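In this note's numbering, the protein residues as written are 334 to 684. Take a look at the structure below.
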Amino acid sequence: MSESNLYMFQPVTINQWKLRNRIVMAPLTRGFARDQDGTVTDEMVAYYEQRAKDGVGLIITEGINPMLSGKGTYGVPGLYTEAQIASWKKVTEAVHRHGGTIIAQLWHVGRLSHSDLIGRKPQAPSPIQAEGKVHKLHKPYECPQAMTPLEIGDVIYRFQMAARNAVLSGFDGVELHAAHGYLIDQFINERTNKRTDQYGGGLQERLRFLREVIEAVKKEISVERISIRFSEKKDDDPSYSWASRVGTLHAYLELFRETGITILHPSTESFASVWLNGLNFHQAIRTQWEHIMIGVGNLSLDTAEEAVMDSVIDLAAFGRPFIANPDLVHKWKSGIPLTEYNGTRQLSVLI
334 MSESNLYMFQ
344 PVTINQWKLR
354 NRIVMAPLTR
364 GFARDQDGTV
374 TDEMVAYYEQ
384 RAKDGVGLII
394 TEGINPMLSG
404 KGTYGVPGLY
414 TEAQIASWKK
424 VTEAVHRHGG
434 TIIAQLWHVG
444 RLSHSDLIGR
454 KPQAPSPIQA
464 EGKVHKLHKP
474 YECPQAMTPL
484 EIGDVIYRFQ
494 MAARNAVLSG
504 FDGVELHAAH
514 GYLIDQFINE
524 RTNKRTDQYG
534 GGLQERLRFL
544 REVIEAVKKE
554 ISVERISIRF
564 SEKKDDDPSY
574 SWASRVGTLH
584 AYLELFRETG
594 ITILHPSTES
604 FASVWLNGLN
614 FHQAIRTQWE
624 HIMIGVGNLS
634 LDTAEEAVMD
644 SVIDLAAFGR
654 PFIANPDLVH
664 KWKSGIPLTE
674 YNGTRQLSVL
684 I
């Protein structure tokens with residue numbers, strides 16, 4: 334650990350969270366939950382506890398489904414039954430026992446699912462089939478059913494109930510996954526949303542679903558404890574980019590300000606990649622955003638430190654290094670070489 338990296342390990346207060354340091358464990362789908370009922374296993378409890386015990390500042394869970402239709406692969410946990418709530422309490426209690434902070438990422442995949450997983454055709458804003466195959470199922474995506482206004486209202490309510498259940502489970506906050514081509518993002522993306530009602534049309538109309546999800550979740554948990562993950566990147570459509578990067582980013586940030594959101598988790602494949610006018614994605618956001626930002630995208634400890642020192646980001650999230658190194662924080666503090674992540678040995682999906 335270089336002397337400059339000491340800054341990354343200092344305690345920091347982020348709204349209502351008093352974090353031990355600025356290091357965040359990024360959300361990672363591991364597939365460890367009981368597939369039959371979406372409950373947390375002992376393996377998952379040990380997985381989160383080990384990293385909390387090591388001293389990570391903030392843990393963002395793997396994506397958690399607010400309802401069965403949100404499930405996109407095997408072994409994904411939920412937060413919509415009493416059994417799931419009880420099982421997550423074991424995780425939050427273990428993390429808090431070691432002085433950690435943990436928030437639940439709420440994740441609905443929309444059209445990126447299959448009837449074999451959820452027992453019905455996937456739901457989406459419009460009946461447009463995704464390219465590619467379902468993760469682990471290895472079957473082509475099905476053409477989804479367009480959601481009715483009633484179904485849209487029901488999904489928004491399920492997000493609200495999942496936030497309530499997160500509080501009951503002992504989580505310190507929630508993150509809404511509005512990125513990477515999943516349901517919320519499918520409403521925002523003009524390629525996947527061809528609706529002609531109030532949820533489709535121009536960008537402001539396509540953002541309506543996200544706005545209503547945020548407003549619903551705020552009824553259950555303080556807005557200061559809500560993080561939003563958003564991105565230009567689409568996992569099922571690598572060629573996609575915003576038609577107007579300036580205009581789209583401005584619209585997102587205006588929405589976040591209007592709804593009181595102060596914690597953003599912008600997602601990008603590579604933190605260092607130039608995105609707009611010589612700036613990377615996070616730097617471009619920082620020119621318009623005065624509040625908290627979590628950086629992510631193949632960061633090293635040194636690049637994270639530099640970005641924090643330059644006030645580009647406030648916290649830095651790391652994914653695969655935490656899989657290969659449960660004691661990542663200790664290793665960094667002690668200068669111990671890291672175990673290299675090996676995807677064939679240590680299966681994961683960055684979400």
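Ideal Cβ placement from N, Cα and C applies to all residues, glycine included. This one's a predicted model, so the numbers in the text were calculated from it and none came from an experiment.
Exposed unless 16 or more other CB atoms sit within 10 angstroms - verdict on residue i
i    : result
R669 : It should be noted that the sequence gives Ile, not Arg, for residue 669. Counting Cβ neighbours within 10 Å, I669 comes out exposed, since fewer than 16 surround it.
D568 : buried
P654 : buried
G486 : exposed
E382 : buried
M358 : buried
K423 : buried
A576 : exposed
M642 : exposed
V629 : buried
Q438 : buried
V607 : exposed
R491 : buried
N610 : exposed
D530 : exposed
S459 : buried
Local conformation of residue i per DSSP, three classes
i    : result
N526 : coil
F655 : helix
S446 : coil
Q621 : coil
K666 : helix
S681 : Because the pLDDT of S681 is 44, which lies under 50, any placement of that residue in the model is unreliable, and the question is left without a value.
M341 : helix
I627 : strand
F604 : coil
Q438 : strand
W350 : strand
M334 : With a pLDDT of only 45 at M334, under the threshold of 50, the placement of this residue in the model should not be trusted; the figure read from the coordinates follows. If DSSP states are grouped into helix, strand and coil, M334 belongs with coil.
I554 : coil
A685 : Shown here, the chain extends from 334 to 684; a query on residue 685 therefore has no answer.
L634 : helix
I594 : coil
N398 : strand
K613 : Checking the sequence, you will find Asn at residue 613 rather than Lys. Strand.
R430 : helix
V378 : helix
S560 : strand
G486 : helix
I547 : helix
Whole-number beta carbon distance between residue j and residue i, since they are thought to touch under 8 Å
i    : j    : result
I561 : F589 : 6 Å
L391 : W350 : 7 Å
I489 : V546 : 6 Å
A584 : L612 : The pair is not a contact, with the Cβ atoms about 18 Å apart (cut-off 8 Å).
K527 : I461 : 7 Å
I596 : N348 : 7 Å
Y674 : A649 : Contact doesn't hold; Cβ gap of about 17 Å is too wide.
Residue from the options whose Cα sits closest to the Cα of residue i
i    : options                   : result
E638 : I356, D449, Q349 and T394 : I356
F651 : E484, W665 and M642       : W665
E587 : L671, D570, K566 and R544 : R544
P516 : G503, F504, Y532 and Y380 : This sequence places Leu at residue 516; Pro is not what is there. The shortest C-alpha separation from L516 is found at Y532.
T362 : L634, L339 and E395       : E395
G580 : H513, E565, E415 and I489 : E565
S276 : V345, H513, A640 and R528 : Residue 276 lies beyond the residue range present for the chain, which begins at 334 and ends at 684; the question has no answer from this structure.
D449 : I618, Q462, S572 and E475 : E475
I594 : N610, D570, E623 and L609 : E623
S574 : D518, Q621, G403 and R453 : D518
Y413 : Q343, T672, N522 and A499 : A499
G452 : E548, V378, L634 and G403 : G403
**OP:** May I ask you to verify whether the segment 463-474 touches the segment 405-415, counting CB pairs closer than 8 Å and requiring at least 3?
**Re:** yes
**OP:** Would you check if the segment 368-381 and the segment 417-425 touch, i.e. whether three or more CB-CB distances between them fall below 8 Å?
**Re:** yes
Original post:
Is there contact between the segment 376-389 and the segment 644-663, where contact requires at least three CB pairs shorter than 8 Å?
Top reply: Because the criterion of three Cβ pairs below 8 Å is met, the segment 376-389 and the segment 644-663 touch.
**OP:** Inspect the CB distances between the segment 393-402 and the segment 346-354 and report whether three or more fall short of 8 Å.
**Re:** no
Original post:
Per the contact definition of three or more C-beta pairs closer than 8 Å, is the segment 495-509 in contact with the segment 548-565?
Top reply: Between the segment 548-565 and the segment 495-509, the count of C-beta pairs closer than 8 Å reaches three or more; the two stretches touch.
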